[in-house]
Every structure is written in structure tokens, then in C-alpha cells.
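Q:
Residue numbers (this note's numbering), protein chains in the order written: chain U, 369 to 675; chain V, 33 to 391.
(1) Can you say whether residue 79 of chain V is buried or exposed, counting buried as having 16 or more other CB atoms within 10 angstroms of its CB?
(2) Where do the N-terminal and C-terminal ends of the alpha helix (DSSP H) with residue 506 of chain U fall, by residue?
(3) Anything in chain V within Cβ reach of residue 633 of chain U, meaning under 7 Å, just list it in chain order.
(4) With C-beta atoms as the reference, is residue 612 of chain U less than 8 Å away from residue 667 of chain U?
(5) Along the chain, where does the beta strand (DSSP E) that runs through residue 291 of chain V open and close?
(6) Using a Cβ cut-off of 7 Å, pull out every chain U residue sitting near residue 155 of chain V, in sequence order please.
(7) Taking Cβ-Cβ distances shorter than 8 Å, what residues in chain V pair up with residue 461 of chain U?
(8) Which of helix, strand or coil does DSSP assign to residue 568 of chain U?
(9) Within 10 angstroms of the Cβ of residue 535 of chain U, are there 16 or more other Cβ atoms? Answer buried if so, exposed if not.
(10) Against chain U, does residue 145 of chain V count as a neighbour if the rule is that its beta carbon must be under 8 Å from one of theirs?
(11) Quick one, which of U:577, U:487, U:628 and U:447 has its alpha-carbon nearest residue 436 of chain U's?
(12) Return helix, strand or coil for residue 638 of chain U, following the three-state DSSP convention.
(13) Can you give me the C-alpha to C-alpha distance between residue 453 of chain U and residue 134 of chain V, rounded to a whole angstrom?
(14) Using the three-state DSSP reduction, which class does residue 207 of chain V fall into: helix, strand or coil?
(15) Taking the alpha carbon of residue 591 of chain U as the reference point, which residue from U:644, U:451 and U:490 has its own alpha carbon closest?
(16) Is the beta carbon of residue 461 of chain U closer than 8 Å to that of residue 360 of chain V?
(17) Under 6 Å Cβ to Cβ from residue 408 of chain U, same chain only, skipping five residues before and after it: list those, please.
(18) Which same chain residues, not among the five before or five after residue 380 of chain U, have their C-beta less than 7 Å away from its C-beta?
(19) What three-state label does DSSP hand residue 329 of chain V in the structure shown?
(20) Whole angstroms are fine: how far does the CA of residue 553 of chain U sit from the CA of residue 326 of chain U?
(21) Classify residue 657 of chain U as helix, strand or coil using the three-state DSSP reduction.
(22) Could you work out which residue in V:142, V:220, V:165 and V:176 is closest to residue 75 of chain V when comparing CA atoms only?
(23) Return the Cβ separation of residue 210 of chain V and residue 311 of chain V in integer angstroms, given the expectation that the two are a contact with Cβ distance under 8 Å.
(24) Is there at least one Cβ from chain U nearer than 8 Å to residue 390 of chain V's Cβ?
(25) Could you give the distance in angstroms between the alpha-carbon of residue 385 of chain V and the alpha-carbon of residue 445 of chain U?
(26) Relative to chain V, which residues along the stretch 623–650 of chain U have a C-beta separation below 7 Å, given in chain order?
(27) Out of V:184, V:354 and V:294, state which residue places its alpha-carbon closest to the alpha-carbon of residue 487 of chain U.
(28) Judging by CA-CA distance, which residue of V:185, V:127 and V:102 is the nearest neighbour of residue 118 of chain V?
(29) If you check the beta carbons only, do residue 116 of chain V and residue 182 of chain V fall under 8 Å apart?
(30) For residue 22 of chain V, does the three-state DSSP call read helix, strand or coil?
(31) Which full runs of the beta strand (DSSP E) of 3+ residues lie inside the stretch 449–504 of chain U, going along the chain?
(32) Going by DSSP, which residues form a beta bridge with residue 511 of chain U?
(33) Give the residues from the stretch 166–180 of chain V that approach chain U closer than 7 Å (Cβ to any Cβ), ordered along the chain.
(34) What whole-angstrom Cβ distance do residue 308 of chain V and residue 239 of chain V have, given they're in contact under 8 Å?
(35) With a CB to CB cut of under 7 Å and the five nearest residues on each side skipped, what residues in its chain are close to residue 447 of chain U?
(36) Keeping to the same chain, check which residues put their C-beta closer than 7 Å to that of residue 260 of chain V; ignore five residues upstream and five downstream.
Given below as C-alpha cells:
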């Protein structure tokens, strides 16, 4: 039971990050039906930029929380710029092209981003400075750290903010209108290009924060970290129902929990034939199961086959 | 392009010239160093892989991002059946078809649950599938040691007929045939067979069915095409080419590990198909040759150039190669979606693209 609670806590923590990244996928997909494979690499850039800033400030004797905040504050605009540029240069020219064309472009963008990061930050895994002192709190036999609490708290706050933005502001209304029917939204005076660019920018901002959190949590940053994380976040978005904001949040947390519990119990269940090194497989199995049995996801409304 | 079919003599002369060029090519390359023959052999393997992927992506329009998994399946099948790892040493002409079949089986395994999905979902699932296969290759060393984990399998048998081994250098009629040169001829025969099969497939009932599905699945179904079966067939056939290529890769390298079958390799093969021109066999061959020579080309140009300019390596050629692949995908899609040598169908489609009427 203690293992269960412990893995639940770990799962929710990682799931919160998945949810933040999944939101980026789901918003972009909702509005232009593109699976932006390069979104994971934006997360990686966020982590990398934060790494450089923390590294540079580590000798200055500033309070750790302040340093991390500064680093995140620098990572967000860099990622936003990246998201904006990506949309402008690679995706906008292909807006009316067949869907596979833009997906292939997205893969290209992903490869380019990864290797630029490699050039800037080297091909070796970077030890992300653990400047925030970890404190543990006990819940029965399980423990939860201040970092985990912080991650869960911050992502809850940000996701609430995003929900307010999308459902309560003019920009949010414009985004929803464009997602529903872009030409009609255009007739109502909404500048689709602007709205789509803003979607990319907001998604990239979330990605930056997620990147800092995940790198700080695992203590490591690497130029390929975005690929795997992005893939899992995409699985989370599909699990919740792609294009659906609450779905992405739910899917992210659920996927994190499934993964953590799976990794915690697979050894016992299979008599140690399979170990926790198969952890990465769960996300894909979830993805395939969802797509086969409930393609619209948990919260998504049934959309007809638009292919 | 001039139509050679109207000039049978010119047609056959052209084919003869190309044949002679292909036959003397390894000796020309060998004079520059055996390494170049190896690069050429690898290029031929990539041609086979690209043609296999072209069936899935180019003909049937199903984007497969985990294609390298089938290559891995073929390679591991060969390695397990012809190495000291299990003490099995079956002859290669037995294993290669088995490798092709096993890969086809994996193709069906992947295709069956996912083919109802829309194109872009399918792409992501295949991506996940490729990763799953790699994770299993990495971890199936316990409890029973099947794949030997990250260490991979070494001392894989080379191809041999009786006492004639493809790995040993030999002198025939006064000409020095090194191992790679012998493999070159074998690969050449196989790749010509593969190209021939592809050309026949494209104009067959199946090929036309694939094209119909690519253009409009609903209409294809209305025309009486069993879309699920035909799509599965595309997956299986594409996979089997990958499997056979994997077996040959295994034998030529003599060593394989999960490291050779990472996602980046899938992207590389995809870039070859895209650059050459999805759906056009000759375009794909061209794309594969161009991109497989890039690593060696960069090693001999960009490397020394940087040493000369800066005195040390600023950007490794390996990284530039990946950037090239990335830019190929983006630029081809944005500027010339049909590839450098578009297929006839696509050229027709793309012709009125000025008014945005793209298929």
C-alpha cells in the first residue's frame, strides 16, 4: 500500500508535467489539426536555456528560488520565440497542404531543433544544478518532497490560468472560434494567422515551464530529452481526447500515474521477467489501446473521420 | 525528358551503358579506397530500405515513422540464426526469406490494430512501435538471453556458398575482388530484383489499389477495394523489403546492436523517400544514393574545411548530416512537395498548384 501511495505521488508529479506539455499539443491540434512533433523539443530548449542561466548565476550567491525563477523567466520568451518562428517559417506555408506534408515538416523541425541544441549545449547529458534544497514530508510511509509539491502546485496554477484565458478572454474566444471553423471565424473579423501564432506562442510558454520543471526533477538535461517526453505528452493528449483542454490535463495526470504504477508493479506481476526498464513502453500501449477502442479519447467528443 | 521507348536502339544502348558503369563502378571506387565501396554497399542497402518505405508512404500514403523496426527485425533474425550466439549457422539463402517473412509478420502485427486510424495518428503509433521494438531489443537479455541487450550480437556469419565466402578477398581472372566488392555485386543483383518487383507492383492491380487509397480512401472503398487488406499488404510488403535489407546489413557488418536502429534512422530513410519523390521509384533510388553519400562527403569536405578555417572541429560532420536531413524534410515539403523527381501522378497534381488546388 505504501508503494502504491508513493508511486501515486510520483505519478501525479510527472503527470503534471505531461499535462503541461500535452496542452501545447492539444491546442495546436485543435486549431490547425497538426501534430506538432517538434513541441517536445521546445520543452528541451526551455530546460537547456534554464540550465545555462542557472549555471551562470550559481556563483552569485542569490537565493536559489530566485535563480530558478529568473531562469524560467528567460526560458519562456526564448521558447515563445521558437514557437512563433516555427509556425511562421515551417507550418504557415503548408497550412492548406495535405496533412502528411505538415507532419513531415514537423519531424524535420524537430530534428533541426535537436541538433542546434546539440551544437550549443554539447551531446553529453548535462547535470541540471539541484540548487533547491529538497525537504521531504511524510504521508504514512510514503514521502512527498517540496519540489514535487511545487511542481504540482505551479502546474495547477498555470493550467487554471490557461483555462481562464481560453474560456474567459477575447483571445480565447477567437481561438475557440478558429478551431471550430476557421473561414467563418475569419468572416467575423478574426485574424486567423494571429490567433494561430498566439496558440503556438502560448503552447511554447507552457513547454518552457514544463522543461524547467522536468529537468530540475530528474536532475538532467539532454538534447534528446524532448523527443521521448513529447511523445508521451502526445499520448496523454490523445488519451484525454485531442483538441480538448481539460482532456489533456486529465490525460497527462492519468498517464503519469499509469506509468508510475506500471513501473512499480510490473516486476511483481510478471515475476521479475519484465522490470521497470520497460516503463517507457506503457505510454505507447495506452496510446494504441485508446486509439483502437476509443479514438476520441476520454473527454473528446466523437469527431467523424476527417481524413 | 526524351521518351526512349520510341527509340528502342537508344533505349537498349542506354541500359547497356548503365550496366557497364555499374559493373566497373566498384573497381573505380576501390581505387579511391575500399571504404568507398563500403559506402556504396550501404547506399544500396538504403535504396532497398527506401523502396520498402516507399511502398508504404509513397504508394499507399501511410506515413510510417518506425520503419527501421523492420530493418531491425530482419537484422536480428539473421544474427540469431547465423552466429555463435545460439550456435546456429543456417545458410543465408534460407535466412533472408525467413527474415523477410518475420518482418512482414511484424508489419501485419503493427498494421492490424492501427490501420483504421487516420493518417497522422498512424504515424505517431508507428513511431511508438519503432521505439517499443528498440526497447525490447535493449532489454530482452533477461531472463532468457535472446538479443544480448545493448552489447548486441557479434561474429555474425558472412554470406557464403559452400567454400565461397563473400567476406574473404579473392583474385578471379587476375582481378582483385575484395570482400566489399563481392558483396557489391550480390547487393546489386538483389537491388535490381527489388526495383524490378517495385516497378511491376506499381502498375499491378495492387499498386493501383494502393494509389487509389492514397488519393481517397472512401472512394477507393466505394470502388470495391478491400481497403483494410490492401493496406495490410502494403505494410507487410514494405516490411519484408526492410527485413531482407536488415539481414544483409547484419551479414555485411558482422555485428549489430540496438544502437543501429534508432528513430533517427527511420527519419533518415524517410528523408530519402521525400527528397527523391514519394511514389516515384527512380526518384527514391536517387534520393537514397544522394543522402547516403552525404556522411562520407561531409567527412571529407566539412571536416578538413573547419580544421583549416578554425584549427579545430567546430561542428562535427555527423551533426551537420542530421541538420541536412532535417532541412531536407522541411525545405522539400515547403518548396517542392513532390521531391526532386516527382512521380507522374504527383506532377499532374502539383501542376495547378498556383491557385492552391493541391491534392
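All C-beta atoms, glycine included, are put in the ideal place defined by N, C-alpha and C.
A: According to the structure data:
(1) Taking all protein chains shown into account, residue 79 of chain V has 16 or more neighbouring C-beta atoms within 10 Å of its C-beta and is therefore buried.
(2) Here residue 506 of chain U belongs to no alpha helix (DSSP H); instead the beta strand (DSSP E) covers 504–507.
(3) Within 7 Å Cβ-Cβ: nothing; residue 633 of chain U doesn't reach chain V, min ~17 Å.
(4) Against a cut-off of 8 Å, the Cβ pair of residue 667 of chain U and residue 612 of chain U comes out as a contact.
(5) It is not in any beta strand (DSSP E) - residue 291 of chain V carries neither H nor E in the DSSP assignment.
(6) 471
(7) 366
(8) helix
(9) exposed
(10) yes
(11) U:577
(12) coil
(13) 44 Å
(14) Three-state DSSP puts residue 207 of chain V in a strand.
(15) U:490
(16) no
(17) Answer for residue 408 of chain U: 594, 595, 597 and 598, listed in chain order.
(18) 520, 621, 624 and 625
(19) helix
(20) Not covered by the structure: residue 326 of chain U. The range shown for chain U is 369 to 675.
(21) DSSP places residue 657 of chain U in helix when its eight states are reduced to three.
(22) V:220
(23) Not confirmed; about 37 Å, so no contact.
(24) Note that residue 390 of chain V scores 43 on pLDDT, short of 50, meaning its location in the model is unreliable; the coordinates nonetheless yield the value given after this. Yes, contact with chain U.
(25) In this prediction, residue 385 of chain V scores a pLDDT of 49, lower than 50, which makes its location untrustworthy; no coordinate-derived value is stated.
(26) 641, 645, 646, 648 and 649
(27) Ranked by how close their Cα comes to the Cα of residue 487 of chain U, the residues V:184, V:354 and V:294 have V:354 in first place.
(28) V:185
(29) no
(30) As displayed, chain V neither begins before 33 nor continues past 391, which places residue 22 of chain V out of reach and without an answer.
(31) none
(32) U:506
(33) 167, 171 and 175
(34) Not confirmed; about 18 Å, so no contact.
(35) 410, 413, 414, 572, 573, 575 and 576
(36) 147
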